[in-house]
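Written below as structure tokens is the structure these notes are about.
Residue numbers (our numbering): 108 to 533.
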């Protein structure tokens, strides 16, 4: 091994509990590289089962360190002299101070690097880290990954007629003055580590899942694919206005797009968790990681005041015309429901922001079909299969009819699974 231990390099013969302290110390100081399978003098010893050890390291850091440090660590296997070792690259964290979960944010749980040693942080060290963290901007920090590609981003920018060369990347904030890719570049790149997870549920709870989808790759591609997934079931109701047939979406397209883009723009990327999209029978719920930006209150949000946590990412979306006006997303969602009896709502937790979009009631209730009304009169309780047989229609079509009847408060669901029945509401 041609490297030696230094303030940013550490060797370990094997995996021990001390690895947690070493990683915390690197993240709290200047970052660095930790090698497992190498002796203190640089001799390569290797590991018998490097893959298993790598997984143990990942689990250890996830379970024992707070805040989430995974976004600032990169674990990889390397082969030196035909021996497998583990290399853990650690960047200076944006959520400092990092600490052992079972010790808390105090000198017994917070560590820093001093020369080639790991020491406990003083209370003054900890206070200083907290002050510095408040002014740290995740977007502008150099990415721990520098081997980035932008195939998907380039395609998106070209469709909008926007150049995406090095000059434009630097202007957008994807490159530092020294030419290193930033964390914003990582989000835009094909190697983006964050995802959007979608799940469609059979009813208005999470007991039965119909299907799941997880979208990865460039954050730009994720937004596009997730929006297509949401719009797939965004059926339309129609009614006659004089001689004209007018269509009304059950979810305003504008609200869907705005809620999804807002979640991606304002989430806290120092957390590794995914944005969650839950599709229920009567509503869509979008959960963004990270609560309110420091200084904002729930009352501020209700008054239409907004502060972007990721201003440069918001600017990228603005350039792509995915955002029309800064800071007006939630209010515009409400406006898109102005002709309806229902309205969007949001809930805010310490580390989450939840937007709920309700289905707009159908203007024409399916019970107005006399043929169906007569059948239901004689079948006050029925199964989906029985209705399929009567209507001679596909399972998907009957599912939509049942959804409309439930939404119109004309029938209710009884039970779950194969024994599910539906009953007319008197």
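Using N, Cα and C, we set each Cβ at its ideal position, and we do this for glycine too.
Checklist entry - Leaving out the 5 sequence neighbours to the left and right, which residues in its chain are closer than 6 angstroms to residue 462 when beta-carbon positions are compared? => result For the purposes of this step, residue 462 is identified with residue 355 of the chain shown, where counting begins at 1. Excluding sequence neighbours, residue 462 sits near 366, 393, 453.
Next on the checklist: With H, G and I counted as helix, E and B as strand and the rest as coil, what does DSSP make of residue 296?
Outcome noted: As a working note, residue 296 is residue 189 in the chain shown. Correct three-state label for residue 296: coil.
Checklist entry - Which residue from 169, 138, 186, 357 puts its Cα closest to that of residue 447? => result On the chain shown, residue 447 is found 340 positions in, with the first residue counted as 1. Between residue 447 and the set 169, 138, 186, 357, the nearest pair of CA atoms involves 357.
Item to check | Reference residue 329, options 409, 304, 396, closest by Cα | outcome: By 1-based counting over the chain shown, the position of residue 329 is 222. Residue 304 is the option with its Cα nearest to residue 329.
Checklist entry - Quick one: what does DSSP say residue 502 is sitting in, helix, strand or coil? => result Within the chain shown, numbered from 1, the residue matching residue 502 stands at position 395. If DSSP states are grouped into helix, strand and coil, residue 502 belongs with the helices.
Checklist entry - Sorted by chain position, which residues of the same chain lie with C-beta nearer than 7 angstroms to residue 194's C-beta, five sequence neighbours on each side aside? => result Here residue 194 corresponds to residue number 87 of the chain shown, with the count starting at 1. Excluding sequence neighbours, residue 194 sits near 140, 142, 183, 185.
Next on the checklist: Can you tell me where the alpha helix (DSSP H) holding residue 361 begins and where it ends?
Outcome noted: Here residue 361 refers to the residue found at position 254 of the chain shown. Run containing residue 361: 360-373, per the alpha helix (DSSP H) assignment.
Checklist entry - For the putative contact between residue 460 and residue 522, defined by C-beta atoms under 8 angstroms, what is the C-beta separation to the nearest angstrom? => result On the chain shown, residue 460 is found 353 positions in, with the first residue counted as 1. On the chain shown, residue 522 is found 415 positions in, with the first residue counted as 1. No, residue 460 and residue 522 are not in contact; Cβ-Cβ is about 34 angstroms, not under 8 angstroms.
Checklist entry - Do the region 201-212 and the region 169-181 make contact, defined as three or more Cβ pairs closer than 8 angstroms? => result yes
Next on the checklist: Under DSSP, the beta strand (DSSP E) around residue 307 begins and ends at which residues?
Outcome noted: Working through the chain shown from its first residue, we reach residue 307 at position 200. Taken as a continuous stretch (DSSP letters only), the beta strand (DSSP E) holding residue 307 covers 303-308.
Item to check | Boundaries of the beta strand (DSSP E) in which residue 318 is found, first to last residue | outcome: Along the chain shown, one-based indexing puts residue 318 at 211. Start and end: 316-322.
Next on the checklist: I need the boundaries of the alpha helix (DSSP H) containing residue 276, first residue and last residue.
Outcome noted: As a position in the chain shown, residue 276 is number 169, starting the count at 1. Unbroken alpha helix (DSSP H) run through residue 276: 273-279.
Item to check | residue 515, DSSP secondary structure in three states | outcome: Mapped onto the chain shown, residue 515 falls at position 408. Coil.
Item to check | Reference residue 498, options 247, 482, 175, 146, closest by Cα | outcome: As a working note, residue 498 is residue 391 in the chain shown. Among 247, 482, 175, 146, the Cα nearest to that of residue 498 belongs to 482.
Item to check | Extent of the continuous beta strand (DSSP E) to which residue 186 belongs | outcome: For the purposes of this step, residue 186 is identified with residue 79 of the chain shown, where counting begins at 1. It spans 180-187 - the beta strand (DSSP E) in which residue 186 sits, taken as one unbroken run.
Checklist entry - Taking the C-alpha atoms as reference points, what is the distance between residue 268 and residue 429? => result Position 161 of the chain shown, counted from the start, is the residue given in the question as residue 268. Position 322 of the chain shown, counted from the start, is the residue given in the question as residue 429. Going by the C-alpha atoms only, they are around 14 angstroms apart.
Next on the checklist: Along the chain, where does the alpha helix (DSSP H) containing residue 425 start, and where does it finish?
Outcome noted: Stepping through the chain shown from its first residue, residue 425 is reached at position 318. 418-426 is the span of the alpha helix (DSSP H), which, as asked, contains residue 425.
Item to check | Limits of the alpha helix (DSSP H) - the one that residue 132 falls within | outcome: Position 25 of the chain shown, counting from 1, holds the residue named residue 132. Counting along the chain, the alpha helix (DSSP H) containing residue 132 begins and ends at 125-135.
Checklist entry - Between the beta-carbon of residue 420 and the beta-carbon of residue 372, is there less than 7 angstroms? => result For the purposes of this step, residue 420 is identified with residue 313 of the chain shown, where counting begins at 1. For the purposes of this step, residue 372 is identified with residue 265 of the chain shown, where counting begins at 1. Yes. Within cutoff.
Checklist entry - At which residues does the beta strand (DSSP E) containing residue 116 begin and terminate? => result The count along the chain shown starts at 1 and reaches residue 116 at position 9. First-last of the beta strand (DSSP E) with residue 116: 116-119.
Checklist entry - Can you tell me whether residue 228 is buried or exposed, with buried defined as 16 or more other CB within 10 angstroms of its CB? => result Sequence index remark: in the chain shown, residue 228 carries index 121 (1-based). Buried, since its Cβ has 16 or more Cβ neighbours within 10 Å.
Checklist entry - Taking the alpha carbon of residue 300 as the point to measure from, which residue in 270, 381, 275, 224 has its own alpha carbon closest? => result On the chain shown, residue 300 is found 193 positions in, with the first residue counted as 1. Ranking the options by Cα distance to residue 300, first place goes to 381.
Item to check | Contact check, residue 400 vs residue 378, beta carbons under 7 angstroms | outcome: As a working note, residue 400 is residue 293 in the chain shown. As a working note, residue 378 is residue 271 in the chain shown. Their beta carbons are not under 7 angstroms apart, which means residue 400 does not touch residue 378 by this criterion.
Checklist entry - How far does the beta strand (DSSP E) with residue 483 in it reach, from first residue to last? => result Counting from 1 along the chain shown, the entry for residue 483 is found at position 376. Per DSSP, residue 483 belongs to no beta strand (DSSP E); it is in the alpha helix (DSSP H), 477-485.
Checklist entry - Is residue 443 buried or exposed, if buried means 16 or more other CB atoms sit within 10 Å of its CB? => result The residue given as residue 443 occupies position 336 in the chain shown. Buried: at least 16 other Cβ atoms inside 10 Å.
Checklist entry - Start and end of the alpha helix (DSSP H) containing residue 228? => result Translated into the one-based positions of the chain shown, residue 228 becomes position 121. Note, residue 228: premise wrong, no alpha helix (DSSP H); not H, not E.
Checklist entry - Hey, residue 126 and residue 164 are a contact pair by Cβ (cut 8 angstroms); roughly how many whole angstroms apart? => result As a first step, residue 126 must be located in the chain shown, where it is residue number 19. As a first step, residue 164 must be located in the chain shown, where it is residue number 57. Confirmed, Cβ separation roughly 6 angstroms.
Item to check | Beta carbon proximity, residue 239 to chain B, threshold 7 angstroms | outcome: Of the protein chains in this structure there is only one, and it is not chain B.
Item to check | Limits of the alpha helix (DSSP H) - the one that residue 328 falls within | outcome: Translated into the one-based positions of the chain shown, residue 328 becomes position 221. Run containing residue 328: 326-339, per the alpha helix (DSSP H) assignment.
Checklist entry - Under a Cβ-count criterion, where at least 16 other Cβ atoms within 10 Å of its own Cβ denotes burial, should residue 456 be classed as buried or exposed? => result Walking along the chain shown from the start, residue 456 turns up at place 349. It is exposed - the Cβ of residue 456 has fewer than 16 other Cβ atoms within 10 Å.
Item to check | beta strand (DSSP E) segment containing residue 196, residue limits | outcome: Position 89 of the chain shown holds residue 196. That run of the beta strand (DSSP E) goes 190-197.
Checklist entry - For residue 465, does the three-state DSSP call read helix, strand or coil? => result Counted from its first residue, the chain shown places residue 465 at position 358. Correct three-state label for residue 465: strand.
Checklist entry - Do residue 465 and residue 449 have their C-beta atoms closer together than 7 angstroms? => result The residue you call residue 465 lines up with position 358 of the chain shown. The residue you call residue 449 lines up with position 342 of the chain shown. Going by C-beta atoms, residue 465 is nearer than 7 angstroms to residue 449.
Next on the checklist: According to DSSP, simplified to helix, strand and coil, what is residue 158?
Outcome noted: As a working mapping, residue 158 is identified with position 51 in the chain shown. Note: residue 158 maps to helix in three-state DSSP.
Item to check | Buried or exposed by the 16-neighbour rule on C-beta atoms within 10 Å, applied to residue 451 | outcome: On the chain shown, residue 451 is found 344 positions in, with the first residue counted as 1. Classification of residue 451: buried, given that the 10 Å Cβ count is 16 or more.
Checklist entry - Given a threshold of 16 other Cβ atoms within 10 Å of its Cβ, counted over all protein chains shown, does residue 503 qualify as buried or as exposed? => result Numbered from its first residue, the chain shown carries residue 503 at position 396. Exposed, by the Cβ-count rule.
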